[in-house]
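Remarks on the structure that follows.
Protein chains: 2
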Amino acid sequence: MSAIVVLAGGVGAARFLEGVVQVAPPATVTAIVNTGDDFALHGLMIAPDLDIVTCTLADLIDREQGWGIAGDTTACMDWLGRLGGPTWFKLGDRDLALHIRRTALLRAGYRLSAVADAFRQALGVAVRILPMSDDPAPTHILTDAGELHFEEYLVRRRAQDVVQGVRLHAAGPALPTAEVLAALAEARLVLIAPSNPVVSIGPILALPGVREALRACSAPVIAVSPIVGGAAIKGPAVPLMRAVAMEVSALGIARAYSDILDGIVIDTVDAGLAPAIAALGLRVTVCDTIMRGPAEKAQLARAALALGTAVLEG
Amino acid sequence: MSAIVVLAGGVGAARFLEGVVQVAPPATVTAIVNTGDDFALHGLMIAPDLDIVTCTLADLIDREQGWGIAGDTTACMDWLGRLGGPTWFKLGDRDLALHIRRTALLRAGYRLSAVADAFRQALGVAVRILPMSDDPAPTHILTDAGELHFEEYLVRRRAQDVVQGVRLHAAGPALPTAEVLAALAEARLVLIAPSNPVVSIGPILALPGVREALRACSAPVIAVSPIVGGAAIKGPAVPLMRAVAMEVSALGIARAYSDILDGIVIDTVDAGLAPAIAALGLRVTVCDTIMRGPAEKAQLARAALALGTAVLEG
Chain A
1 MSAIVVLAGG VGAARFLEGV VQVAPPATVT AIVNTGDDFA LHGLMIAPDL
51 DIVTCTLADL IDREQGWGIA GDTTACMDWL GRLGGPTWFK LGDRDLALHI
101 RRTALLRAGY RLSAVADAFR QALGVAVRIL PMSDDPAPTH ILTDAGELHF
151 EEYLVRRRAQ DVVQGVRLHA AGPALPTAEV LAALAEARLV LIAPSNPVVS
201 IGPILALPGV REALRACSAP VIAVSPIVGG AAIKGPAVPL MRAVAMEVSA
251 LGIARAYSDI LDGIVIDTVD AGLAPAIAAL GLRVTVCDTI MRGPAEKAQL
301 ARAALALGTA VLEG
Chain Z
315 MSAIVVLAGG VGAARFLEGV VQVAPPATVT AIVNTGDDFA LHGLMIAPDL
365 DIVTCTLADL IDREQGWGIA GDTTACMDWL GRLGGPTWFK LGDRDLALHI
415 RRTALLRAGY RLSAVADAFR QALGVAVRIL PMSDDPAPTH ILTDAGELHF
465 EEYLVRRRAQ DVVQGVRLHA AGPALPTAEV LAALAEARLV LIAPSNPVVS
515 IGPILALPGV REALRACSAP VIAVSPIVGG AAIKGPAVPL MRAVAMEVSA
565 LGIARAYSDI LDGIVIDTVD AGLAPAIAAL GLRVTVCDTI MRGPAEKAQL
615 ARAALALGTA VLEG
């Protein structure tokens, strides 16, 4: 059984995973998911990336938005607003069930890992879904308006503030779970999804032991660049990468991961960067990386898997 | 300004209060509401009687059920069930906003009294709504199936178990709030709504100092019997009254409250009990007490107020 481990953020990773499960048996796939976006609102524990990945793979996601549940309503949130509660983060009625149940289980003493596993099973997802950590590991964005939780920066303030820096694991030390370390140790192939390198993949790589495990592992490590033609496919990657002095290009992605990477899949529009990436000692596959629909998702996953195989075969 | 204080349970009290606000300025009315039914579900603090009273007076109640919010949906609860959560207590999506916001505010350190006041103001209710206590004061029902929280007995197990007894304030000592004691001290008229004497009014009267305050107060104390023709208008009053050795009749109600009562309003079908009640030293008004609509509610409230006036005039 070839075990594929995918380091994952939110929307981009979820779509990529939909491709992976078309070209590999879903039960052999494990997603290690960023929890840096997790936060509490209305006293409820919200885990955006875990929910996006789980609900996308369950085919329950609102595909227009990329997050939230298809056909969801907002009766509860409308009333929360009426009662004076914050409404800047949209919570659908079905969506809220995830947050309510997660919060109840966490308060009852369950680990986030156990909750994530229960949810993916309840929603019929065969892919194993591992939160990167059971510890709180909030990502803070340092801006000219002060230090903000990532979701406050992104959603509440619509990514309008000038980004000066990023503070990962802002609540203090966070550890990867035993499941995460075991999955990395047992992986036959590690894929880094086309997610934000700073705030989606960054928090996973910053956990003690994770970068070391990826450096040491015998499995090929293949990334898919989330930067196409110098721009992010989705989200605020550009200001965040700039704030941490990453070059905003597929080459910048390759450099950011170069100590752990064997190969990278970049978009055809970035073909000109292939020699510079190869010069870092990395294999490069150039193909269309824009995931318009199921066929493109499968094709991108197939390219990443093939690159992994090529690395193994030397 | 004549201040009217109404001791209140859930549905019956809420309907009676709708009558009171037709015959007295709402801002002069204070409801002291039972919190013995309050419990936690999905980690959320649910306060059935407070919500019923508040939403009824806000004209937002589901009038078919007598509880819940009119036109509410259950998208969240359907998903809570899908995720393995308990579904025996129906929670509408709008309804949930009350529980989520209340729980968040309580966890943030607000008193239940402050939350109840914020909610009634947000929903445009002029009547002051006071929880009987800020302390947890759950009512337990002792049954042949064990000791159950009242809502478990009533809703989860549909009041099917044999009742052997009742344990009020089962979490330990609970105190009335300062606002409750002040309202009783300043009252010009105290009304006991037609609520269950054991599990709705009982928990209020069992708070240290409340019964004493009612005995000592100069304001007339007038009850409206919730028992008509030997049966409860609504809910499981019969087995609960029997379990605590109360006679299930308007006379039983009068006896249960006789130490604090000046008068009682009973239904025309119970007119034959009037002499026995009068023999207890109480004034009696006999009238139609079934609150079919707004007119009957107002008429019943008017009868209670008139009886209070009659007591004052000797």
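Taken in order, these protein sequences are the chains called A and Z.
Residue numbering for the first sequence follows our numbering, starting at 1 and increasing by one per position.
Residue numbering for the second sequence follows our numbering, starting at 315 and increasing by one per position.
For every residue, glycine included, the Cβ atom is placed at its ideal position computed from N, Cα and C.
Check                                                                                                                         : Outcome
Cut-off 6 Å between Cβ atoms - residues of its own chain near Z/Thr-599, not counting five sequence neighbours on either side : Val-579, Ala-617 and Leu-621
Continuous beta strand (DSSP E) assignments of at least 3 residues falling wholly in the region 244 to 282 of chain A         : 263 to 267
Separation of Z/Thr-453 from A/Leu-105, as counted between CA atoms                                                           : 25 Å
At least 3 beta-carbon pairs within less than 8 Å: the region 34 to 42 of chain A vs the region 231 to 247 of chain A         : no
Residues near Z/Met-315 by beta carbon distance below 6 Å, same chain, minus five either side                                 : Because Z/Met-315 carries a pLDDT of 42, less than 50, the predicted location of this residue cannot be relied on, and the following value inherits that uncertainty. Only Thr-342 meet the Cβ criterion.
Backbone CA spacing between Z/Leu-358 and A/Ile-46 [nearest angstrom]                                                         : 15 Å
Among Z/Gly-382, Z/Arg-415 and Z/Leu-394, the one whose alpha carbon lies nearest that of A/Gly-81                            : Z/Arg-415
Contact list for the region 29 to 44 of chain A against chain Z, Cβ threshold 8 Å                                             : His-42, Gly-43 and Leu-44
Distance, Z/Asp-373 Cα to Z/Gly-275 Cα                                                                                        : Only positions 315 to 628 of chain Z appear in the structure, and residue 275 of chain Z is not among them; the question remains open.
For A/Ala-31: DSSP bridge partner residues                                                                                    : A/Val-6 and A/Ile-129
Contact between the region 391 to 410 of chain Z and the region 91 to 98 of chain A (3+ Cβ pairs under 8 Å)                   : yes
Burial state of Z/Leu-626, where buried means 16 or more other Cβ atoms lie within 10 Å                                       : exposed
Cα-Cα separation between A/Ala-75 and Z/Thr-370, rounded to whole angstroms                                                   : 19 Å
Contact set between Z/Phe-433 and chain A, taken where Cβ atoms lie within less than 8 Å                                      : Leu-83
Three-state secondary structure assigned by DSSP to A/Phe-89                                                                  : coil
Sheet register partners of Z/Met-359 (DSSP bridge)                                                                            : Z/Ala-354
Nonlocal neighbours in the same chain, by C-beta distance under 8 Å from Z/Ile-574, ignoring five residues either side        : Leu-519, Arg-525, Leu-528, Arg-529 and Val-535
Contact with chain A by Z/Ile-366, beta-carbon distance below 8 Å                                                             : no
A/Lys-336 classed as buried or exposed, judged by whether at least 16 other C-beta atoms fall within 10 angstroms             : In this structure chain A extends from 1 to 314, so residue 336 of chain A is not present and cannot be described.
CB contact check: A/Trp-79 to chain Z, cutoff 8 Å                                                                             : yes
C-beta neighbour in chain B for Z/Thr-623, strict 8 Å                                                                         : Chain labels in this structure do not include chain B; the protein chains are A and Z.
Buried or exposed (CB count within 10 angstroms, at least 16 for buried), A/Ala-171                                           : exposed
Residue closest to Z/Leu-505, alpha-carbon to alpha-carbon, out of Z/Gly-479, Z/Ser-539, Z/Ala-473 and Z/Gln-474              : Z/Ser-539
contact_flag[the region 169 to 187 of chain A, the region 121 to 134 of chain A] where n(CB pairs < 8 Å) is 3 or more         : yes
is_contact[Z/Asp-581, chain A] using C-beta, thresh 8 Å                                                                       : no
Same chain only: Cβ atoms within 6 Å of Z/Glu-461, ignoring 5 sequence neighbours per side                                    : His-454
Exposed unless 16 or more other CB atoms sit within 10 angstroms - verdict on Z/Ala-507                                       : buried
Of the listed residues Z/Gln-474, Z/Arg-597, Z/Val-319 and Z/Val-335, nearest to Z/Val-439 (C-alpha basis)                    : Z/Val-335
Terminal residues of the alpha helix (DSSP H) in which A/Thr-73 lies                                                          : First-last for A/Thr-73: undefined, no H or E at that position.
A/Leu-189 beta carbon less than 8 Å from that of A/Ala-219                                                                    : yes
Chain A within 8 Å of Z/Thr-491, Cβ atoms only                                                                                : no
Proximal chain A residues relative to Z/Arg-421, where beta-carbon distance stays under 8 Å                                   : Gly-43
Where A/Thr-54 falls, given that 16 or more other Cβ within 10 Å makes a residue buried                                       : buried
Sequence-distant residues of its chain with Cβ nearer than 6 Å to A/Asp-49 (five each side left out)                          : Gly-9, Gly-10, Val-33, Asn-34 and Asp-37
For A/Arg-167, the first and last residue of its enclosing beta strand (DSSP E)                                               : 163 to 167
Cut-off 6 Å between Cβ atoms - residues of its own chain near A/Ala-276, not counting five sequence neighbours on either side : Leu-251
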